[in-house]
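Data block below; observations after.
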Amino acid sequence: MPTGVDRREVLQGVAAAGVAGVMGPGPSVARQVAPALFVSHGSPMTALDADEYPQALKRFGDGVGAVKALVVVSAHWETDARVHVTAMAAPPLVYDFYGFPEEMYRLRYAPPGAPSLAQDVVARLSSAGVPAVADGERGLDHGVWVPLRHAFPEARVPVLQVALPADATPAQVARMGEALRPLRSEGVLLMGSGGVVHNLRRVNFRSKLASVEPWAAEFDAWVAGKLAARDFLGLQSWMDAPNARVAHPSAEHWLPIYFVLGAALPEDRITPVFEGFHHGTLSMRSFALRA
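Here our numbering is used: position 114 in the sequence shown is 307, and no number is missing along the way.
As structure tokens, this is what we get:
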């Protein structure tokens, strides 16, 4: 960006162009159906990594085609009563982690927001029985910006974040994906960011390459089997899975998967983005739905 040009002024101009300006050409131009993506985002420290996991995210981003915007549900934002949707032209980053190296708090990722699209998302969710409201203050948490720094490092694609409803059920989160599913046909990538296995009390922080714990491998394999069979309804009965309560003492990192599955199209193929574990118990399983 040229010296003397204020980024926020530029992004305000982009926002002023409305949805058409953010979303690209008008309806006369054929658009590719955007994928839906689930990522297990793991530790915030993956922001600094250059190993197989970030490389896999980069390959996904490089191969995804022309994405007009990203709408992300992260495990790290829950709101009561109404679902909040970020609506700023230049959303800030939220450094929602503590005790990490100072370098982590100096990391930057500055995609534009999409205020007009945010209003559309609010309307679609509300019409589907999910009360929603635009939020002009909250930024993007690490469940959003850490994986996106690898997948879309140039930060040119507009990004907005949608909160999880507090105490949500799998069916409620799936309904959010269903409500926003038509946006995929407009080039909007829908993404859920959480973790297939996430129990911080059982993480081996001493070694990223620690041997995988059998209970974690068993739950991860159950998820993989349900995905392979396209048994999305069966995945909603996750408490019946082996070691479910150990894999997820609380549900917030598990629920974003239903946002993605709710956005599925009948013609979608489920394609792996990454399979593997960090720190012995953190499943980094990530996958895409592609029409």
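Built from N, CA and C at the ideal position, the CB exists for glycine as well. These numbers were taken from a predicted model, which means no experiment stands behind them.
Please classify residue i: is it buried, with 16 or more other beta-carbons within 10 angstroms of its beta-carbon, or exposed?
i, result
"Met489", "Since the first residue shown for the chain is 194 and the last is 484, residue 489 is missing from the structure and cannot be characterised."
"Asp328", "buried"
"Gly473", "buried"
"Pro407", "exposed"
"Gln248", "exposed"
"Phe361", "Position check: residue 361 holds Ala in this sequence, whereas Phe was assumed. By the neighbour-count rule (16 or more Cβ atoms within 10 Å), Ala361 is buried."
"Pro228", "buried"
"Thr239", "buried"
"Ala325", "buried"
"Arg342", "buried"
"Phe480", "buried"
"Met384", "buried"
"Tyr291", "exposed"
"Thr464", "exposed"
"Arg462", "exposed"
"Leu454", "buried"
"Phe467", "buried"
"Ser443", "exposed"
"Gly387", "buried"
"Ala457", "buried"
"Met432", "exposed"
"Leu475", "buried"
"Tyr298", "exposed"
"Ser430", "exposed"
"Asp244", "exposed"
Output the boundary residues of the beta strand (DSSP E) element that contains residue i.
i, result
"Glu271", "262-272"
"Leu357", "352-358"
"Met384", "381-387"
"Leu230", "229-233"
Less than 8 Å between the CB atoms is what I'm expecting for residue i and residue j, so what's the real figure, rounded?
i, j, result
"Ala372", "Val405", "At roughly 36 Å, the Cβ-Cβ gap does not stay under 8 Å, so Ala372 and Val405 are not in contact."
"Pro340", "His234", "5 Å"
"Leu230", "Leu382", "6 Å"
"Ala262", "Pro351", "4 Å"
"Gly336", "Ala268", "5 Å"
"Ala307", "Leu353", "5 Å"
"Glu445", "Glu296", "27 Å between Cβ atoms; not a contact."
"Tyr302", "Ala348", "6 Å"
"Gly332", "Pro284", "5 Å"
"Val276", "Val355", "6 Å"
"Gly370", "Phe452", "4 Å"
"Val315", "Val278", "5 Å"
"Phe412", "Asn436", "5 Å"
"Val266", "Pro449", "5 Å"
For residue i, list the residues DSSP reports as bridge partners.
i, result
"Val278", "Ala327, Val355"
"Arg462", "Arg483"
"Val390", "Ser476"
"Phe470", "Ser476"
For residue i, report the span of its alpha helix (DSSP H) as first-last.
i, result
"Tyr291", "Per DSSP, Tyr291 belongs to no alpha helix (DSSP H) and is neither H nor E."
"Asp485", "Only positions 194 to 484 of the chain appear in the structure, and residue 485 is not among them; the question remains open."
"Val339", "335-344"
"Asp255", "245-256"
"Met369", "363-373"
Of all Cβ atoms in chain D, is any one closer than 7 Å to the Cβ of residue i?
i, result
"Pro285", "The chain inventory of the structure shown lacks chain D, comprising one protein chain alone."
Jot down the residue ranges of each uninterrupted alpha helix (DSSP H) in the region 402-467, minimum 4 residues, whole runs only, in chain order. List check, alpha helix (DSSP H) in window: 407-421, 425-429, 437-440, 449-455.
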